[in-house]
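Have a look at the structure below, then the notes.
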Amino acid sequence: MNALRAFDAVARRGSILKAADELGVVRGAVRQQLNLLEAHFGIALFDRENGRLVLTAKGRAFADSVGVAFGILTRASAELSIGSRRSIRLGVPSAFAVWWLMPRVADLQATLQDVDIDIVPMATVEPLAKRADLEAVIMGGEYRPTRDITAIRFMEDEFGPVAAPDVAGRLGLSAGVSALAGAVALSSRSAPSLWNDWFAESGHASVRFAGNREFEDLLLAIGAARSGLGVAIAPRTAIGDDIDRRVLVAPYGFIRRPAGYSLSIRSSDVKDPALVRLADWLSVAGAELV
């Protein structure tokens, strides 16, 4: 079990040092456990590349399964400690949580009744395979689930460039996409490809911006657009109220992303009654926006 814990930590964290910090041991102890595990199976789970450990194909498949197993143990232990009342830890992108999920959370809780929802906002969204502490994660964009993970799509979305009205007017954005060349592009590390995706999916040629500002979280990038710092690219679910109140304008409208949002759960949990009810609620609530 110690060897499996060390392997799981290295696979999730991407380094022996970070795994050792998580486990509270020295790096040598983690290396020893990895060597023991590889010796036990008689195969290499990692490739050693310039001092770095990179999972082999078999190592990656094994890491997915080990992560699922530890997740099951973690949740089973939590259920023992809290008695008969069930709790679901749900990872949610921060912007999506603030502008879409939280205004509806009372209805969600009423639907789930005896199941408590613990919403974990994620500035940088990590797939469920890397988060043994979570039972489910809401993923946006072109997410492709890994082995042992099931993705249940529950809502489409639209996205596009948005700016404060005075910024849009000063830059003359209504004249055409080429006017974006005079703008400061606002983006986030949590969704770094949104600008490139929008140019590609909208059919417009990309432009060279006058400047670029990157923020840790999409919430901050949208807040910067509200304040007049530049032009952000944002999902409509995150800024729908701002558009309605004319706090932000969308000079080129929005384009639909059929991939939308999905609920990511472990395949071993697809028949879990509480998670089924969560998925059903998301599908109904998401359909109201289509």
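Residue numbers for the sequence shown follow UniProt numbering, so the first one is 1 and each next one is one higher. Ideal Cβ positions, reconstructed from N, Cα and C, are used throughout, including at glycine.
**Request:** Give the straight-line distance between the Cα atoms of V105 and S187, rounded to the nearest whole angstrom.
**Result:** 27 Å
**Asked** Where does R266 sit, in a helix, a strand or coil, going by DSSP?
**Response** strand
**Asked** Is it buried or exposed for P273, if we count other Cβ within 10 angstroms and need 16 for buried?
**Response** exposed
**Item:** Residues that DSSP places opposite I138 in a beta bridge
**Value:** L263
**Asked** So which of L282, A3 and L275 has the shortest CA-CA distance to M155?
**Response** L282
**Asked** So which of D148, V284, A285 and R277 has the shortest CA-CA distance to R86?
**Response** R277
**Prompt:** So L53 packs on I16, CB below 8 Å; how close in whole Å?
**Reply:** 7 Å
**Prompt:** Can you tell me the Cα-Cα spacing of L248 and G182, whole angstroms?
**Reply:** 18 Å
**Prompt:** Mind checking T56: buried by the 16 CB within 10 Å criterion, or exposed?
**Reply:** exposed
**Asked** Tell me which same chain residues have a C-beta within less than 8 Å of the C-beta of F254, skipping the five on either side of it?
**Response** E158, F159, G160 and R236
**Prompt:** Ordered along the chain, which non-local residues of its own chain (more than five positions away) have a Cβ less than 7 Å from that of P121?
**Reply:** V92, S94 and A97
**Prompt:** Given a threshold of 16 other Cβ atoms within 10 Å of its Cβ, counted over all protein chains shown, does D217 qualify as buried or as exposed?
**Reply:** buried
**Item:** beta strand (DSSP E) segments (min. 3 residues) lying fully within the region 61 to 133
**Value:** 86 to 93 and 115 to 122
**Asked** Out of L36, R226 and A61, which has the shortest C-alpha to C-alpha gap to A164?
**Response** R226
**Message:** Within the continuous alpha helix (DSSP H) that includes T237, where are the two ends?
**Reply:** R236 to D244
**Request:** Buried or exposed for D166, please, with buried defined as at least 16 other CB atoms from any protein chain shown within 10 angstroms of its CB.
**Result:** exposed
**Endpoints, the beta strand (DSSP E) within which V162 is located** = I149 to V162
**Prompt:** Which residue comes first and which comes last in the alpha helix (DSSP H) that contains E214?
**Reply:** Premise fails: E214 lies in the beta strand (DSSP E), G211 to F215, not in any alpha helix (DSSP H).
**Prompt:** Does DSSP put E288 in a helix, a strand or coil?
**Reply:** coil
**Item:** Cα-Cα separation, A221 to F215
**Value:** 6 Å
**Request:** Pick helix, strand or coil for D272, following the three-state DSSP scheme.
**Result:** coil
**Prompt:** Which whole-angstrom value describes the C-beta separation of F7 and L45, a residue pair presumed to lie in contact below a C-beta threshold of 8 Å?
**Reply:** 7 Å
**Inter-residue Cα distance where the pair is I152 and R170** = 43 Å
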